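Worksheet: one structure, shown below.
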Amino acid sequence: MHQPTPPHGRPVEVTRATKRRVVITGLGAITPLGTGVPDLWHGLLEGRSGVRPLEGAEFDGQPVRIAGTVPQDPAELLPRPQARRMSRASQFAVIAAREAWRDAGFAASGTVESGIDPSRVGVSIGTIIGGAPVLVDGDRRLRDKGPRGVSPLTAPMTVPSQPAAQISLDLRITGEARTVVSACASGTEAIGQAIDRIRHGHLDMVLAGGTEAAVTPAVMASFAAMRALSTRNDEPERASRPFAKDRDGFVHGEGAGLLVLEAEEHALARGAHIYCEAAGWGLSADAHHLVAPDPSGDGIVLALRRALADAGSVPGDVVHVNAHATATVDGDLAEATALRRILDERGAQAPEVPVTAVKGNLGHLQGAAGAVAAVVAALTLDRGHIPPTIGCDDPDDACALDVVRYVPRSLPADGDVVLSNSFGFGGHNAVLALRRDRSDRADRADRADRSDRSDRAKEEEAA
Numbered sequence: 000m001h002q003p004t005p006p007h008g009r010p011v012e013v014t015r016a017t018k019r020r021v022v023i024t025g026l027g028a029i030t031p032l033g034t035g036v037p038d039l040w041h042g043l044l045e046g047r048s049g050v051r052p053l054e055g056a057e058f059d060g061q062p063v064r065i066a067g068t069v070p071q072d073p074a075e076l077l078p079r080p081q082a083r084r085m086s087r088a089s090q091f092a093v094i095a096a097r098e099a100w101r102d103a104g105f106a107a108s109g110t111v112e113s114g115i116d117p118s119r120v121g122v123s124i125g126t127i128i129g130g131a132p133v134l135v136d137g138d139r140r141l142r143d144k145g146p147r148g149v150s151p152l153t154a155p156m157t158v159p160s161q162p163a164a165q166i167s168l169d170l171r172i173t174g175e176a177r178t179v180v181s182a183c184a185s186g187t188e189a190i191g192q193a194i195d196r197i198r199h200g201h202l203d204m205v206l207a208g209g210t211e212a213a214v215t216p217a218v219m220a221s222f223a224a225m226r227a228l229s230t231r232n233d234e235p236e237r238a239s240r241p242f243a244k245d246r247d248g249f250v251h252g253e254g255a256g257l258l259v260l261e262a263e264e265h266a267l268a269r270g271a272h273i274y275c276e277a278a279g280w281g282l283s284a285d286a287h288h289l290v291a292p293d294p295s296g297d298g299i300v301l302a303l304r305r306a307l308a309d310a311g312s313v314p315g316d317v318v319h320v321n322a323h324a325t326a327t328v329d330g331d332l333a334e335a336t337a338l339r340r341i342l343d344e345r346g347a348q349a350p351e352v353p354v355t356a357v358k359g360n361l362g363h364l365q366g367a368a369g370a371v372a373a374v375v376a377a378l379t380l381d382r383g384h385i386p387p388t389i390g391c392d393d394p395d396d397a398c399a400l401d402v403v404r405y406v407p408r409s410l411p412a413d414g415d416v417v418l419s420n421s422f423g424f425g426g427h428n429a430v431l432a433l434r435r436d437r438s439d440r441a442d443r444a445d446r447a448d449r450s451d452r453s454d455r456a457k458e459e460e461a462a
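Per numbering that gives the first Met the number 0, the sequence shown starts with residue 0, numbered consecutively.
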């Protein structure tokens with residue numbers, strides 16, 4: 000039985016000295032690897048790729064004809080009347096939100112049926128263009144059929160805040176429904192804002208994450224003209240190569256990732272499974288270029304430091320990094336430069352921190368990228384396994400990171416913080432710091448030491 004929350008609209012009194020711990024209790028995802036968290040997790044561990052050739056005449060003549068697309072039509076997973084009122088991005092968001100909500104132990108029908116005060120629950124979603132493809136379709140209908148051919152739902156379905164609104168409607172969440180737009184850092188920043196809303200007593204729970212559905216001809220053509228995309232049309236499964244010496248650009252993608260963030264005391268009171276603590280987050284801005292990263296990595300370093308400080312941690316606490324690593328030449332190098340500056344502070348005798356990048360499997364999910372990475376980071380802490388980075392057969396020596404390749408690796412015992420990075424066009428930088436429970440540290444240290452030796456042997460054999 001779920002415990003009741005405070006009366007409607009009454010905030011929990013929290014002082015600066017007693018701000019609440021925030022934990023993750025539910026996960027949901029729909030990605031190029033399939034529908035649901037199990038498809039995502041097992042696909043990553045098995046080193047599968049969700050990048051595939053683009054179908055449809057509208058992509059004929061495009062210089063790049065591959066992307067990380069969701070293999071199932073999301074409209075088929077929702078009641079037809081509901082699906083017709085949603086953009087593809089909103090459909091992704093609602094599907095992932097429902098999974099995360101159920102995974103957290105709540106009734107699928109929503110807050111009231113779960114015994115939860117809806118005014119103590121919020122929604123925080125990151126997206127870049129939201130339902131903009133709906134507007135493109137509306138413009139086409141206007142040209143072909145005139146004003147009467149345009150649906151009255153075109154304008155409301157286009158608004159970037161619609162995914163958050165649709166989740167609120169679907170689960171009857173009334174606390175708030177916010178939207179974050181900060182390029183490819185959107186999903187991560189949305190989660191960070193949710194952490195603060197819970198910490199300071201405004202809400203008890205937030206469904207937070209990101210969604211994107213922008214694999215359209217115009218977007219593909221724009222990225223290609225920017226020379227930001229991989230051109231490996233003949234080998235889509237091998238096109239995205241994070242941290243590899245021969246990387247040639249990112250692979251565009253789509254999907255959604257949602258997490259249930261919850262005040263720790265609230266989660267404990269109802270006996271929820273806790274994946275990990277959402278311990279801190281950090282933001283910064285490069286102020287360098289419209290699309291190019293700052294090669295110095297200064298902005299990224301600032302975001303990393305702020306995330307660690309917000310979590311009350313130091314570089315020596317870092318046990319793993321889920322990198323942004325889009326497989327662009329400049330972007331991966333800038334991130335690696337920044338990570339080296341932070342991780343080198345651990346000291347020369349400290350073991351290397353294992354790094355992974357899921358964009359090798361998924362492509363770049365844009366506003367959803369950081370949210371899906373956060374789902375994976377939470378699973379890594381909970382399950383104790385780091386998925387391998389695919390496509391990095393020949394690591395770039397200039398990046399100088401311990402990239403996990405070929406086979407999963409056990410999470411090391413020393414340290415308890417996982418960093419999850421997201422960096423976007425325009426210099427938007429966002430980093431999450433997630434922390435595991437350390438109550439079984441001694442036993443875990445012994446298991447992890449034995450597993451790490453075995454994992455290294457497997458990686459060498461696979462190489």
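Even for Gly, the Cβ is constructed at its ideal location relative to N, Cα and C.
Predicted model, so just to flag it, every value in this text is computed and none were measured.
Helix, strand or coil: how does DSSP classify residue i here?
| i | result |
| --- | --- |
| residue 320 | strand |
| residue 91 | helix |
| residue 253 | coil |
| residue 223 | helix |
| residue 439 | Confidence at residue 439 is low in this model, with a pLDDT of 41, below 50, so its placement is unreliable and no value can be given for it. |
| residue 261 | strand |
| residue 119 | helix |
| residue 19 | coil |
| residue 331 | helix |
| residue 447 | Its pLDDT being 49, under 50, residue 447 is placed unreliably by the model, and nothing is read from it. |
| residue 167 | helix |
| residue 140 | helix |
| residue 412 | coil |
| residue 27 | strand |
| residue 102 | helix |
| residue 124 | strand |
I need the boundaries of the beta strand (DSSP E) containing residue i, first residue and last residue.
| i | result |
| --- | --- |
| residue 52 | 50 to 52 |
| residue 160 | Run containing residue 160: none; DSSP gives neither H nor E here. |
| residue 197 | Run containing residue 197: none in the beta strand (DSSP E); it sits in the alpha helix (DSSP H), 185 to 198. |
| residue 279 | 275 to 284 |
| residue 65 | 65 to 67 |
| residue 432 | 427 to 434 |
For the alpha helix (DSSP H) containing residue i, list its first residue and its last residue.
| i | result |
| --- | --- |
| residue 215 | It is not in any alpha helix (DSSP H) - residue 215 carries neither H nor E in the DSSP assignment. |
| residue 298 | 297 to 309 |
| residue 360 | 358 to 361 |
| residue 178 | That residue, residue 178, is in no alpha helix (DSSP H); its beta strand (DSSP E) goes 175 to 179. |
| residue 373 | 368 to 382 |
| residue 42 | 36 to 44 |
| residue 79 | 79 to 82 |
Quick check: residue i and residue j, are their CB atoms within less than 8 Å of each other?
| i | j | result |
| --- | --- | --- |
| residue 212 | residue 253 | yes |
| residue 260 | residue 205 | yes |
| residue 124 | residue 162 | yes |
| residue 353 | residue 403 | yes |
| residue 258 | residue 356 | no |
| residue 68 | residue 218 | no |
| residue 422 | residue 255 | no |
| residue 126 | residue 159 | yes |
| residue 300 | residue 340 | yes |
| residue 427 | residue 182 | yes |
| residue 94 | residue 73 | yes |
| residue 413 | residue 350 | yes |
| residue 394 | residue 407 | no |
| residue 61 | residue 216 | yes |
| residue 274 | residue 381 | yes |
| residue 302 | residue 207 | no |
Whose C-beta lies closer than 7 Å to the C-beta of residue i among residues of the same chain, with five residues either side of it excluded?
| i | result |
| --- | --- |
| residue 110 | 117, 120, 170, 171 and 172 |
| residue 140 | 148 and 149 |
| residue 449 | Because the pLDDT of residue 449 is 48, which lies under 50, any placement of that residue in the model is unreliable, and the number read from its coordinates should be weighed accordingly. Cβ within range, chain order: n/a, list empty. |
| residue 438 | Its pLDDT being 46, under 50, residue 438 is placed unreliably by the model, and the measurement read from it follows with that caveat. Excluding positions up to five away in sequence, the list is empty. |
| residue 399 | 335 and 339 |
| residue 463 | This structure cannot settle anything about residue 463, because the visible part of the chain is limited to 0 through 462. |
Looking only at its chain, what residues have a beta carbon closer than 6 Å to the beta carbon of residue i, apart from the 5 residues adjacent to it on each side?
| i | result |
| --- | --- |
| residue 41 | none |
| residue 336 | 296 |
| residue 229 | 238, 247, 248 and 250 |
| residue 103 | 24, 25 and 259 |
| residue 419 | 321, 372, 373, 376 and 431 |
| residue 361 | 30, 31, 49, 67 and 252 |
| residue 46 | 387 and 389 |
| residue 305 | 281 |
Residue i CB to nearest chain D CB: under 8 Å?
| i | result |
| --- | --- |
| residue 230 | Note that chain D does not occur in the displayed structure, where there is just one protein chain. |
Task: Inter-stretch contact (C-beta, 8 Å, three-pair minimum) for the region 228 to 244 and the region 192 to 209 - done: no
- [ ] Check whether the region 241 to 248 touches the region 320 to 334, counting contact only when three or more Cβ pairs, one atom from each stretch, lie closer than 8 Å.
- [x] yes
Task: Touching by the beta-carbon criterion (3+ pairs, under 8 Å), the region 88 to 96 and the region 29 to 40 - done: yes
Open item on the list: Below 8 Å, how does it come out for the region 271 to 289 and the region 304 to 321: are there three or more Cβ pairs, yes or no?
Closed with: yes
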